[in-house]
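**Q**
There are 2 protein chains.
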Amino acid sequence: MSNKHAVSATALSTLPVFQGLEAAHLDEIARHAGMRRVARGVPVVRAGEVMDNVYFVLNGSMKVLICDEDGREVIFTIIGQGAVFGEMGMLDAAPRSASVVSAMATDLVVFSQADFLHIMKTHFDVCLRVMGNLAQRLRDADRKIESLALMDVYGRVARLLLDLAEPVDGKNVIRKKISKQDIAKMIGASREMVSRVMKDLIARGLVEEGGQGQLVLLEPMDAF
Amino acid sequence: MSNKHAVSATALSTLPVFQGLEAAHLDEIARHAGMRRVARGVPVVRAGEVMDNVYFVLNGSMKVLICDEDGREVIFTIIGQGAVFGEMGMLDAAPRSASVVSAMATDLVVFSQADFLHIMKTHFDVCLRVMGNLAQRLRDADRKIESLALMDVYGRVARLLLDLAEPVDGKNVIRKKISKQDIAKMIGASREMVSRVMKDLIARGLVEEGGQGQLVLLEPMDAF
DNA sequence: TTCCATCCGTGATATTCGTCACATATACTT
DNA sequence: AAGTATATGTGACGAATATCACGGATGGAA
Chain A
1 MSNKHAVSAT
11 ALSTLPVFQG
21 LEAAHLDEIA
31 RHAGMRRVAR
41 GVPVVRAGEV
51 MDNVYFVLNG
61 SMKVLICDED
71 GREVIFTIIG
81 QGAVFGEMGM
91 LDAAPRSASV
101 VSAMATDLVV
111 FSQADFLHIM
121 KTHFDVCLRV
131 MGNLAQRLRD
141 ADRKIESLAL
151 MDVYGRVARL
161 LLDLAEPVDG
171 KNVIRKKISK
181 QDIAKMIGAS
191 REMVSRVMKD
201 LIARGLVEEG
211 GQGQLVLLEP
221 MDAF
Chain B
1 MSNKHAVSAT
11 ALSTLPVFQG
21 LEAAHLDEIA
31 RHAGMRRVAR
41 GVPVVRAGEV
51 MDNVYFVLNG
61 SMKVLICDED
71 GREVIFTIIG
81 QGAVFGEMGM
91 LDAAPRSASV
101 VSAMATDLVV
111 FSQADFLHIM
121 KTHFDVCLRV
131 MGNLAQRLRD
141 ADRKIESLAL
151 MDVYGRVARL
161 LLDLAEPVDG
171 KNVIRKKISK
181 QDIAKMIGAS
191 REMVSRVMKD
201 LIARGLVEEG
211 GQGQLVLLEP
221 MDAF
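Taken in order, these protein sequences are the chains called A and B. For the first sequence, counting from 1, position 84 maps to 84 in full-length UniProt numbering; every step adds exactly one. For the second sequence, counting from 1, position 190 maps to 190 in full-length UniProt numbering; every step adds exactly one.
(1) Which residues share a DSSP beta bridge with B/T122?
(2) Under 9 angstroms between the Cβ atoms of B/L160 and A/G188?
(3) Taking only beta carbons into account, state which residues of the region 132-152 of chain B come closer than 8 angstroms to chain A, listed in chain order.
(4) Taking only beta-carbon positions, decide if B/F85 is within less than 9 angstroms of chain A.
(5) Please say whether B/V44 and residue 310 of chain B have beta carbons closer to each other than 9 angstroms?
(6) Please state whether DSSP places B/P27 in a helix, a strand or coil.
(7) Pick helix, strand or coil for A/I178, following the three-state DSSP scheme.
(8) Sorted by chain position, which residues of the same chain lie with C-beta nearer than 7 angstroms to B/P95's C-beta, five sequence neighbours on each side aside?
(9) Residues of chain A with CB closer than 9 angstroms to the CB of B/A94, please, in chain order.
(10) What is the DSSP secondary structure of A/A6, counted as helix, strand or coil?
(11) Quick one: which chain A residues come within Cβ less than 9 angstroms of B/R72?
(12) Note the first and the last residue of the continuous alpha helix (DSSP H) segment covering B/Q196.
(13) Is A/E208 helix, strand or coil by DSSP?
(14) Name the chain B residues whose beta carbon is nearer than 7 angstroms to that of A/F76?
(15) Considering Cα atoms alone, identify which of B/M151, B/R196, B/V216 is closest to residue 231 of chain A.
(16) Output, in sequence order along the chain, the residues in the region 151-183 of chain B whose CB is closer than 7 angstroms to any CB in chain A.
(17) Given A/S2, which residues of its chain have a CB within under 7 angstroms of its CB, disregarding the five upstream and five downstream residues?
(18) Between B/R98 and B/V57, which are expected to be in contact by the criterion C-beta below 8 angstroms, what is the C-beta distance as a whole number of angstroms?
(19) Across the region 61-75 of chain B and the region 100-119 of chain B, are there enough close Cβ pairs to call them in contact, namely three or more that are closer than 8 angstroms?
(20) Smallest Cα separation from A/V7: which of A/D142, A/A33, A/E73, A/K199?
(21) I need the DSSP call for A/M90, collapsed to helix, strand or coil.
(22) State the DSSP-derived secondary structure class of B/M1, mapped to helix, strand or coil.
(23) Compare the C-beta of A/S61 against all C-beta atoms of chain B and say whether one is closer than 9 angstroms.
(24) Cutting at 8 angstroms between CB atoms, please list the residues of its own chain near B/K185, excluding the five before and the five after it.
(25) Counting C-beta neighbours from all protein chains within 10 Å, is the total for A/G205 16 or more, i.e. buried, or is it exposed?
(26) Between A/V130 and chain B, is there a C-beta pair that is closer than 9 angstroms?
(27) Roughly how many angstroms lie between the CA atoms of B/A9 and B/A30, to the nearest whole one?
(28) A/S97 versus chain B: which residues are under 8 angstroms apart at the beta carbon?
(29) Assign B/V168 to buried or exposed, taking buried as 16 or more other Cβ atoms, counted over all protein chains shown, within 10 Å of its Cβ.
(30) Would you mind sorting A/G170 into buried or exposed? The rule is 16 or more other CB atoms within 10 Å of its CB.
(31) In whole angstroms, give me the CA-to-CA distance for B/D163 and A/A11.
(32) Leaving out the 5 sequence neighbours to the left and right, which residues in its chain are closer than 6 angstroms to B/Y154 when beta-carbon positions are compared?
(33) Using the beta-carbon count (16 or more within 10 Å), is A/R40 buried or exposed?
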């Protein structure tokens, strides 16, 4: 396949799952890995399909989402460097419950499920990291359920912004530009409503617009 | 502790995680297991705590839930025989994100996290089953997020009922009595609204009340 | 029995929020 | 530059749903 290449052990070593492995083992693992580069907007996994690959994000980012029959979208999460996807099918053999689409040009490391299963079996550390990752995602999902069930759109926007922000010299900042459409799809609200809420957050001095679509969250924001 | 007892290998063998293990290994595992019997309404895990046990439900059932600061509750799931909980803290060392309360008198098998980690390390099958379980729960959580984001209360009630139902001689039946209050807490709606929707489902002939609070779902229900 | 804790049904009312309908943007392509 | 697709702001309106306020039922437990 023209877009599949060999993967170096050095590239693999940047992935958290493989942290701490001996060089010899990394080389062995790299022998079973492929690499795939996708442009923006390419669906790598489609809901409903049965596929048998496990992917890791080497750089770039992917959207995990689902569309209902009317074409309405829910974005479960946006994942970046180091994240894994496609491993759930390996664990319970069910068809894919969500689609995964590249949010920008992205490099992926690919294993066959059988190969990765063997890697997990022979490296308990890797196994633990994969499990830890699943646990974290389950926590995040439960938190999302909680906010959908208990909070209004205002609160859900605020919570999402806080979750997306990283501290940058004292301030809580969202670096990556994110469209209001996507925010809406992440919190189960309409684009228009998100628009109005954001306007209000800015008017109340809780959020500031930085350059390049960056957002700065001010202190009172933490109250949410 | 007065409510902790030894566990027989036979009891352990009824748990799906340990299916297929040799008797000798089961005995060894049983040596590290404790048993705890709880009455209805006992909180075994509290959100926010850091605890270091892993539990399996031997019989009975438990509610996994969270309360916000105003006391409003969200029920993530109700788990029964064979289910595991408390394993997430073992995997990522974060404090408990949810509380787990017995929904009836229930018997639990208890391991320390360290012991269970060792069991997983020495039995890859057990490890895989635990991962498969996490994957299934993550799918369920995503499905719940989807319905909260896209469906109205009517649709969410219908979907929950379908999820709870089991086929009993041709009919789709919900055996266990479930209160409308709990349904409301499971789908992020008000008790009153659930009451009205259920009334309507019955009026439209989609659902029938059986004895003992059982519910029978009629065919047109599947349209949801 | 009587008490107490849940659970349930229902009407009236208030509010949140989605939808529709626009006019603009903004950005990438050709 | 023109063209096309996608993202955005905003007002008006109506539908979905929470909340409030009851009265009643139900089921143990004392």
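Ideal placement from N, C-alpha and C gives every residue a C-beta, glycine not left out.
**A** The structure says:
(1) DSSP, once it has assigned bridges, lists no residue as partnering B/T122.
(2) Cβ atoms of B/L160 and A/G188: not closer than 9 angstroms.
(3) Residues passing the 8 angstroms Cβ filter: G132, L134, A135, Q136, R137, L138, R139, A141, D142, R143, K144, I145, E146, L148, A149, L150.
(4) Chain A contact via Cβ: absent.
(5) No statement about residue 310 of chain B is possible, as the shown extent of chain B runs from 1 to 224 and does not include it.
(6) Residue 27 of chain B is actually Asp in this sequence, not Pro. In the structure shown, B/D27 sits in a helix (DSSP, three-state: H, G or I).
(7) Three-state DSSP puts A/I178 in coil, outside helix and strand.
(8) Within the same chain, B/P95 has close Cβ partners G48, E49, V50.
(9) Chain A residues near B/A94: A135, Q136, R139.
(10) Reduced to three states, the DSSP call for A/A6 is strand.
(11) The contacting residues are A149, L150.
(12) The question names Gln, but residue 196 of chain B in the sequence shown is Arg. For B/R196, the uninterrupted alpha helix (DSSP H) segment begins and ends at 191-203.
(13) DSSP places A/E208 in strand when its eight states are reduced to three.
(14) A/F76 reaches chain B at D142, I145, counting residues in chain order whose Cβ is nearer than 7 angstroms.
(15) This structure cannot speak to residue 231 of chain A, because chain A is shown only from 1 to 224.
(16) Of all residues in the region 151-183 of chain B, none places a beta-carbon less than 7 angstroms from a beta-carbon of chain A.
(17) Because the pLDDT at A/S2 is just 38, under 50, the model does not fix this residue reliably, and the value given afterwards should be weighed accordingly. Here A/S2 has no same chain residue with a Cβ atom under 7 angstroms from its own Cβ, once five neighbours each way along the sequence are excluded.
(18) Per the sequence presented here, residue 98 of chain B reads as Ala, with Arg not at that position. In this structure, B/A98 and B/V57 do not form a Cβ contact; the two beta carbons are roughly 15 angstroms apart against a cut-off of 8 angstroms.
(19) Counting C-beta pairs closer than 8 angstroms gives three or more between the region 61-75 of chain B and the region 100-119 of chain B, which meets the contact rule.
(20) Nearest neighbour of A/V7 by Cα position, chosen from A/D142, A/A33, A/E73, A/K199, turns out to be A/A33.
(21) Residue state, collapsed to three classes: helix.
(22) Annotation note: pLDDT 42 at B/M1 (below 50); position unreliable, no value reported.
(23) It does not; no Cβ of chain B falls within 9 angstroms.
(24) Taken in chain order, the residues that qualify are L65, E73, V74, I75.
(25) A/G205 should be labelled exposed.
(26) True, the Cβ-Cβ gap to chain B drops below 9 angstroms.
(27) Rounded to the nearest angstrom, the two C-alpha atoms are 6 angstroms apart.
(28) Those are R139, D142, R143, listed as they occur along chain B.
(29) Using a 10 angstroms sphere on the CB of B/V168, the tally of other CB atoms stays under 16, which defines it as exposed.
(30) A/G170 is exposed by the Cβ-count criterion.
(31) Between B/D163 and A/A11, the C-alpha separation is close to 43 angstroms.
(32) Around B/Y154, the same chain offers V197 as residues with beta carbons nearer than 6 angstroms, after the five sequence neighbours per side are excluded.
(33) With fewer than 16 other CB atoms across the displayed protein chains lying within 10 angstroms of its CB, A/R40 is exposed.
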